[in-house]
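Take 27 as the starting number for the sequence shown in our numbering and just add one per residue.
Below: one structure, written as structure tokens.
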Amino acid sequence: MLYFTLLTFLLTFIPFSFSYASYSICKLVRNMDDRDIDNENRIPLILIHGINGTSSINFPFIDGSDEKEKEYFQNFITFFYEQNLYTKYKLYRFHYLSNQYSVKDIAQELQEKLDAFILNNSIADSKFVIVAHSMGGVSCKIIHGRT
27 MLYFTLLTFL LTFIPFSFSY ASYSICKLVR NMDDRDIDNE NRIPLILIHG INGTSSINFP
87 FIDGSDEKEK EYFQNFITFF YEQNLYTKYK LYRFHYLSNQ YSVKDIAQEL QEKLDAFILN
147 NSIADSKFVI VAHSMGGVSC KIIHGRT
């Protein structure tokens with residue numbers, strides 16, 4: 027009986043919905059690199075990986091600075107700095123757990139993270155660029171209402 031009462035309490039006071047499941051599955055971080063310049067007028071460029079792009083890193087501790095979390099994007103990051111794109115763009119990375127949640131939940135979380143970054147002035151409320159691969163691109167298309 028105690029188990030049933032506790033379960034009822036938890037379901038009543040701690041509601042859970044799969045639509046809210048994505049709150050802890052995604053991270054939008056600024057790419058930290060010594061080659062960066064101090065120019066806040068650069069256009070945000072957000073990299074979004076494909077399926078299983080975050081599977082080999084310690085997800086809860088992603089902060090933008092660890093080399094392991096950059097591995098998926100390493101070819102692009104190298105190109106980005108070699109071609110001096112960092113003078114025009116400020117690089118961000120969006121990480122998500124693709125093997126545990128739906129693409130719809132990931133898209134919802136991407137939208138919420140972008141909104142939060144704009145709200146707290148981490149990203150200007152103006153144009154920005156998204157470079158997405160595979161499932162990351164599908165998530166972006168969902169945000170824009172295209173599938």
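For glycine and all other residues, C-beta sits at the position ideal for the given N, C-alpha and C.
Note that the structure is predicted; figures quoted are calculated from it, not measured.
Query: Tell me where the beta strand (DSSP E) around K153 begins and ends.; Result: Note, K153: premise wrong, no beta strand (DSSP E); not H, not E.
Query: Pairs of beta-carbons, one from the segment 98-108 and one from the segment 122-136, closer than 8 Å: are there three or more?; Result: no
Query: What is the DSSP secondary structure of L175, counted as helix, strand or coil?; Result: Look at the range of the chain in this structure, 27 to 173, and you will see that residue 175 is not part of it.
Query: Touching or not, the segment 86-97 and the segment 154-168, by the rule of three or more beta carbon pairs under 8 Å?; Result: no
Query: Look up I88 in the DSSP assignment and say whether it is helix, strand or coil.; Result: coil
Query: Between F87 and the ligand MG, is there a pair consisting of the residue's CB and a ligand heavy atom that are separated by less than 7 Å?; Result: The model depicted lacks the ligand MG and carries no ligand whatsoever.
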